[in-house]
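A quick write-up on the structure given underneath.
There are 2 protein chains.
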Amino acid sequence: MKKFVNDPKQFVPEMLKGIALANPETIKYVPEYNLIMRADAPNNDKVSLVQGSGSGHEPAHVMVVGPGMLDAACPGDVFSAPPADYVYETAKLVASDKGVLLLVNNYTGDRMAFEMAQEMAEADDVLVDTLFIDDDVAVQDSTWTVGRRGVAGNFFVMKACGALAEEGASLPEVKAIGEKVNSVTRTMGVALTACTPPAKGAPLFDLGEDEMEIGVGIHGEPGRRRAKLVSADEIVDEMLGAIVPDLPFASGDRVALMVNGLGGTPISELYLVYGIAAEKLQAQGIEIARSYVGEYCTSLEMAGASITLVKLDDEIERLLLAPAEVVNRIF
Amino acid sequence: MKKFVNDPKQFVPEMLKGIALANPETIKYVPEYNLIMRADAPNNDKVSLVQGSGSGHEPAHVMVVGPGMLDAACPGDVFSAPPADYVYETAKLVASDKGVLLLVNNYTGDRMAFEMAQEMAEADDVLVDTLFIDDDVAVQDSTWTVGRRGVAGNFFVMKACGALAEEGASLPEVKAIGEKVNSVTRTMGVALTACTPPAKGAPLFDLGEDEMEIGVGIHGEPGRRRAKLVSADEIVDEMLGAIVPDLPFASGDRVALMVNGLGGTPISELYLVYGIAAEKLQAQGIEIARSYVGEYCTSLEMAGASITLVKLDDEIERLLLAPAEVVNRIF
């Protein structure tokens, strides 16, 4: 295992401590519940947003806490859902008069934790609701999911909900925009290598030197098929061939295009993939109005990438353009 | 080779095309000279900044073009200096009344290309000067360098020069701030894996399953020594043990601390390393005033990280805080 790590059991807490030390004025780390929150949360003038999931998908979600995005993130251990009582404590800590919206990528373990947490918080009279994200077109059900999985498209849901929450919208309004964005967002990923959870110390699955996993999940779970590694052009064809007809996206549509790295693929390759995808979409008459290239939702150090398309309208585009600030800044 | 690539010879041009397609209003790709430039350059009210080097270090330098940073970047092929005549054409394209400053990481091949380009541009009456960056404390001379190498600390030189150039400073003033920042910046890196240039198709060097290269160069060239992989704590001790006494940094100093990923290490591990380094520096009485965690100067998909410290004064801190916009935005 080639990682910067001390005790694998302390991998997540040590990462969270690093996030807080790098952002001492804006971010608070609460070790008791393993959570990261805005230092100024809750703000009673806005709905609070909480996202949680297993760790290993950074910057999602612990590094997207900040104005215009999440109020808190409650991560589990690597690739494990957070405990329901930690989610509940997180919801209570950031509960505002306007309520709390829990955002959850659709994985069965996460659903269970968040649904239990919602019930516990409601019993305490916290105004709370939950929104599930399921943007992955690769498979209908999978190893750890009933229904489609939630993957990198969750960024757009968080961004739109975050922007509308900052404007003072109500909990049902914030949930409704999240559902709307989720309904027009489609993603598919490809893995070129496996990844190694620190506590396991060995790769999660085997992938031959000349193989790739098409439609991989963000924990390395199987997608559509195992195939021989081919050119970037052919990989993009296969990904867009799954994404575009699914909504469907059509000539004349305005879209946001994201190329997301899964953790181990350098940004040079992501821009190469972006260029190929952009030209193919433009050739179909699809207009790219917003571009996102980088790491948004990863699988530790997995080499691979996903493509996400979001069909835009004026409302969604306005919310994507709204200012936001997160932990993981460049400057 | 597990990469998103079509023809390896077209790897760099296809990446550059992707950058331009993702930023159609602000960035121009000039295929004749393989360069990326601000669409609005040159601006005669400011010194133009150009950085070039081999490719494979992205986001450096082709993804840090934009207001407050570079006016243009002229990359070579992967790990190869750009041709002198391309550097010369780049300098001419962005030449402004206030002049052009060429920023160069100290590698012998790059020095040669940029010194020749400066002579050619001067023969055309372009006002031009060159600044060399050599922040790497690992080794005095190395495989491809006389003197110290320039690595991730170049970000701080670009940022300070970029901010001062936007304020309308003269060419000597912009060069002077760059030299000042370089003189108080120190970096050291550690590689956990090798990397594979697309055209070679095989790893650049061999590193055993339980080994790391301490003081690695950004092309995988040897550093101080090969050692057994140890805990993150011990690795950070070794890195800070080389960096801190070198300037030296001392109790009472205010610093910027950067943890830079070399391409294949996930950001979770980078924050873990940041947290360890921050606590160790604070224990020595060194105050961290600015934090940078992410990928700034990489080696393709190499797993590894570098730590950079910059000793701050009011002038440097003001310039680091100035606004800037680059290709590689998050939102």
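Chains C and Y, in that order, are what the protein sequence lines are.
Position 221 of the first sequence, counted from 1, bears residue number 221 in the UniProt record's numbering, the numbering being contiguous throughout.
Position 36 of the second sequence, counted from 1, bears residue number 36 in the UniProt record's numbering, the numbering being contiguous throughout.
C-beta atoms are modelled at their ideal positions from N, C-alpha and C, and glycine is treated no differently.
When DSSP states are grouped into helix, strand and coil, P75 of chain C belongs to the strand group. Close to D124 of chain C, with beta-carbon spacing below 9 Å, lies no residue of chain Y; the smallest spacing is near 32 Å. Note on the stretch 136-216 of chain Y: whole beta strand (DSSP E) runs with a minimum of 3 residues are 185-191, 211-214, in chain order.
Pairwise C-beta distances place the stretch 3-22 of chain Y in contact with the stretch 265-278 of chain C, as three or more of them are shorter than 8 Å.
In this structure, E238 of chain Y sits away from R226 of chain Y, with a CB-CB distance that is not shorter than 8 Å. From the beta-carbon of E14 of chain Y, the residues of chain C found nearer than 7 Å are L272, G275. Distances from the CA of L192 of chain Y to each of Y:A232, Y:S170, Y:A202, Y:E166 were compared; the closest alpha carbon is that of Y:A232.
Straight-line measurement puts the Cα of N328 of chain Y at about 16 Å from the Cα of V64 of chain C. I19 of chain C has a beta carbon lying within less than 8 Å of a beta carbon in chain Y. Three or more Cβ pairs closer than 8 Å define a contact, and the stretch 184-191 of chain C falls short of that threshold against the stretch 9-18 of chain Y.
The residue from C:V326, C:K180, C:E213, C:T108 with its alpha-carbon nearest to that of E315 of chain C is C:K180.
The contact set of N6 of chain C on chain Y, defined by CB atoms closer than 7 Å, consists of S231, A232, D233 in chain order. Using a CB distance below 9 Å, the part of the stretch 235-248 of chain Y facing chain C consists of I235, V236, ordered along the chain. Within the DSSP bridge table, the entry for G294 of chain Y names Y:N260 as partners. At the C-beta level, I133 of chain Y and N154 of chain Y come within 8 Å of one another. Rounded to whole angstroms, A138 of chain Y and G285 of chain C show a C-alpha spacing of 52 Å. Counting only residues of its own chain and dropping the five nearest sequence neighbours on each side, G264 of chain C has a CB closer than 6 Å to the CB of E301, M302, A303. If you ignore the 5 residues before and after A202 of chain Y, its C-beta comes within less than 8 Å of the C-beta of M1, T196, all in its own chain and listed in chain order.
Ranked by Cα distance from K280 of chain C, the first of C:I235, C:C297, C:G261 is C:I235.
Within the same chain, Cβ atoms closer than 8 Å to the Cβ of I27 of chain Y are found at I19, A20, I36, M37, R38, A39, V65, G66, V327, the five residues on either side in sequence being excluded.
With its beta carbon at least 8 Å from every one in chain Y, A199 of chain C lies outside the interface. Judged by their CB atoms, H61 of chain Y and I218 of chain Y are not nearer to each other than the 8 Å cut-off. For P59 of chain C, the closest alpha carbon among the candidates Y:D135, Y:E295, Y:A322 is that of Y:E295. In chain order, V137, R186 place their CB closer than 8 Å to the CB of D246 of chain C, counting only its own chain and leaving out the 5 sequence neighbours on each side. Excluding its 5 nearest sequence neighbours in each direction, A152 of chain C has C-beta neighbours in its own chain below 6 Å: T187, N260, Y296, C297, S306, T308, listed in chain order. Taken atom to atom, the span from the alpha-carbon of F114 of chain C to that of S48 of chain C is near 15 Å. DSSP places V255 of chain Y within a strand segment (E or B) once states are collapsed to three. Here L320 of chain Y is near A160 of chain Y, since their CB atoms are less than 8 Å apart. Note on geometry: alpha-carbon atoms of A322 of chain C and E221 of chain Y lie some 44 Å from one another. M37 of chain C is bridged by DSSP to C:K28, C:A72. For the C-beta of G263 of chain Y, the chain C residues within less than 7 Å are, from N- to C-terminus, P266.
Rounded to whole angstroms, V244 of chain C and S142 of chain C show a C-alpha spacing of 21 Å. Taking a Cβ-Cβ cut-off of 7 Å, the neighbours of T193 of chain Y in chain C comprise K2, given in sequence order. Secondary structure of S53 of chain Y (DSSP, three-state): strand. The Cβ atoms of V87 of chain C and G109 of chain C lie no closer than 8 Å to each other. It is roughly 9 Å from the alpha-carbon of R254 of chain Y to the alpha-carbon of R290 of chain Y.
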